[in-house]
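Scroll down for the structure; my scribbles are underneath it.
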Amino acid sequence: MMKKLKQIVVGIDVVEKSNNVLKRAFMLAKENKAQLFVIHAVQIPWLAMPNYFNPGEISIDKSAIKKKIEKKIKRLNTDGKITCLVSVKEGDADDVILHAAKSYKADMIIIGAHSKSKGGKHLLGTTAQKVVHQSHLPVLIVKKSVKGNYQDILVPTDFEIQSKQSILIAKNIFPKAKTSAIHAFETVDIEGPYTVYGDDLSHYNKVAKACAKKEMKKFIKDVSAEKGKVIDGKLDYKKVILQYIVKDSCDLVVIGSQGTAGLKALLGSVASYILKTSPCDVLVYMPKD
Numbered sequence: 011m012m013k014k015l016k017q018i019v020v021g022i023d024v025v026e027k028s029n030n031v032l033k034r035a036f037m038l039a040k041e042n043k044a045q046l047f048v049i050h051a052v053q054i055p056w057l058a059m060p061n062y063f064n065p066g067e068i069s070i071d072k073s074a075i076k077k078k079i080e081k082k083i084k085r086l087n088t089d090g091k092i093t094c095l096v097s098v099k100e101g102d103a104d105d106v107i108l109h110a111a112k113s114y115k116a117d118m119i120i121i122g123a124h125s126k127s128k129g130g131k132h133l134l135g136t137t138a139q140k141v142v143h144q145s146h147l148p149v150l151i152v153k154k155s156v157k158g159n160y161q162d163i164l165v166p167t168d169f170e171i172q173s174k175q176s177i178l179i180a181k182n183i184f185p186k187a188k189t190s191a192i193h194a195f196e197t198v199d200i201e202g203p204y205t206v207y208g209d210d211l212s213h214y215n216k217v218a219k220a221c222a223k224k225e226m227k228k229f230i231k232d233v234s235a236e237k238g239k240v241i242d243g244k245l246d247y248k249k250v251i252l253q254y255i256v257k258d259s260c261d262l263v264v265i266g267s268q269g270t271a272g273l274k275a276l277l278g279s280v281a282s283y284i285l286k287t288s289p290c291d292v293l294v295y296m297p298k299d
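Add 10 to the 1-based position in the sequence shown for our numbering, that's all there is to it.
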């Protein structure tokens with residue numbers, strides 16, 4: 011039996027629009043009857059222009075920042091049923107969040123993407139990337155506006171144990187959501203530069219697809235997913251997966267890996283690509299070895 015979600019660390023940035031992160035956190039806390047630990051990190055620059063008119067140490071009004079956060083929380087926690095502790099700490103955001111998760115024995119971390127391209131696409135900021143790669147807890151990265159509970163969860167899978175663990179974690183946290191798996195199998199380009207005359211590569215691709223479908227059938231049975239789909243990865247299966255995510259209009263993408271290398275490893279370049287470019291929220295789970 012999986013551990014229940016009881017303590018959630020929420021990393022926010024008062025400069026950025028953090029309302030969606032807090033909204034999602036409160037929604038999850040209510041659903042799981044969990045306690046929230048809202049963390050904001052302030053970084054004092056080690057090198058600053060001296061102030062000759064008012065010499066002294068640089069100070070930041072952490073109390074004022076805390077009150078601002080508490081005001082936001084009060085608007086969300088109208089019935090006061092969710093226990094919420096707010097902390098404003100000095101230091102790098104990723105270090106502060108990870109330390110808080112360890113101190114409060116958190117079961118999950120929720121953060122925002124904290125980066126936006128000129129085209130309006132939510133990409134992954136430095137803090138989010140560092141937290142994801144250093145934490146062995148489920149990390150939820152909120153990119154979209156919160157409109158309700160997650161309804162459709164999509165899990166790109168390589169059929170390895172980490173993918174299974176991540177989908178089981180997601181089903182435990184979001185039991186009411188519909189879960190689907192997708193696998194993009196690698197194909198060999200018949201007209202590629204390394205084609206050997208006489209090789210029946212079309213047959214190879216058919217066999218690869220058949221094997222992937224067989225593995226998918228077993229996978230969705232093992233994790234009790236609602237459905238699974240195998241698609242042609244073509245020559246760039248990272249982009250093929252992303253296109254499917256966009257077309258599928260899912261609420262949440264779930265990825266899990268130990269960052270291992272190899273043809274079937276997901277959190278190599280593929281998972282990192284999905285993590286950075288997915289238009290919807292992403293849940294990442296990288297268990298300990």
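Yeah, the Cβ is synthetic: ideal placement off N, Cα and C, and Gly gets one too.
- A straight line joining the alpha-carbon of S259 with that of D71 spans about 42 Å.
- Going by DSSP, V142 is part of the alpha helix (DSSP H) stretching over 136 to 144.
- In the DSSP assignment, Q53 falls outside any beta strand (DSSP E), carrying neither H nor E.
- Going by beta carbons, V263 and V149 fall outside the 8 Å limit.
- In its chain, beyond the 5 residues on either side, I49, A51, K99 have a beta carbon closer than 7 Å to the beta carbon of V106.
- Per DSSP, A110 is not a residue of any beta strand (DSSP E); the alpha helix (DSSP H) it occupies stretches across 103 to 113.
- The continuous beta strand (DSSP E) containing F195 extends over residues 188 to 195.
- Straight through space, the alpha carbons of H109 and K223 are spaced by roughly 42 Å.
- For K257 and Q161, the gap between their C-alpha atoms comes out near 16 Å.
- Taking all protein chains in view, the Cβ of S145 is crowded by 16 or more other Cβ atoms within 10 Å, so the residue is classified as buried.
- Secondary structure note for K248: its alpha helix (DSSP H) is the uninterrupted segment 247 to 258.
- Just so you know, the alpha carbons of L252 and A39 end up roughly 30 Å apart.
- In the pairwise beta carbon analysis, the region 86 to 94 is classified as touching the region 29 to 46: at least three pairs are separated by under 8 Å.
- The residues K248, in chain order, have a CB closer than 8 Å to that of S279 in the same chain once the five nearest residues on each side in sequence are set aside.
- With fewer than 16 other beta carbons inside 10 angstroms of its own, D232 counts as exposed.
- If you draw a straight line from the Cα of K77 to the Cα of K227, it is about 52 Å long.
- Residue environment analysis places D117 among the buried positions, since at least 16 neighbouring C-beta atoms fall within 10 angstroms of its C-beta.
- Residue V96 holds the alpha-carbon nearest to the alpha-carbon of S73 among Q53, V96, I83, I92.
- By the neighbour-count criterion, in which a residue is buried when 16 or more other Cβ atoms sit within 10 angstroms of its Cβ, H213 is exposed.
- Rounded to the nearest angstrom, the gap between the Cα atoms of V141 and I230 is 29 Å.
- For L15, no beta strand (DSSP E) encloses it, and the DSSP letter there is neither H nor E.
- With contacts defined as CB atoms closer than 8 Å, G21 and Q53 fail to qualify as a contacting pair.
- With respect to the 8 Å criterion, D261 and C221 are not classified as neighbours on the basis of their beta carbons.
- Ranked by how close their Cα comes to the Cα of I18, the residues N42, I192, D168, I179 have N42 in first place.
- The Cβ neighbour count for P166, taken over all protein chains shown within 10 Å, is at least 16; the residue is labelled buried.
- Residue state for D232 is assigned as helix, using DSSP reduced to three classes.
- With contacts defined as CB atoms closer than 8 Å, I284 and I265 qualify as a contacting pair.
- DSSP, read as helix, strand or coil, puts Y214 in helix.
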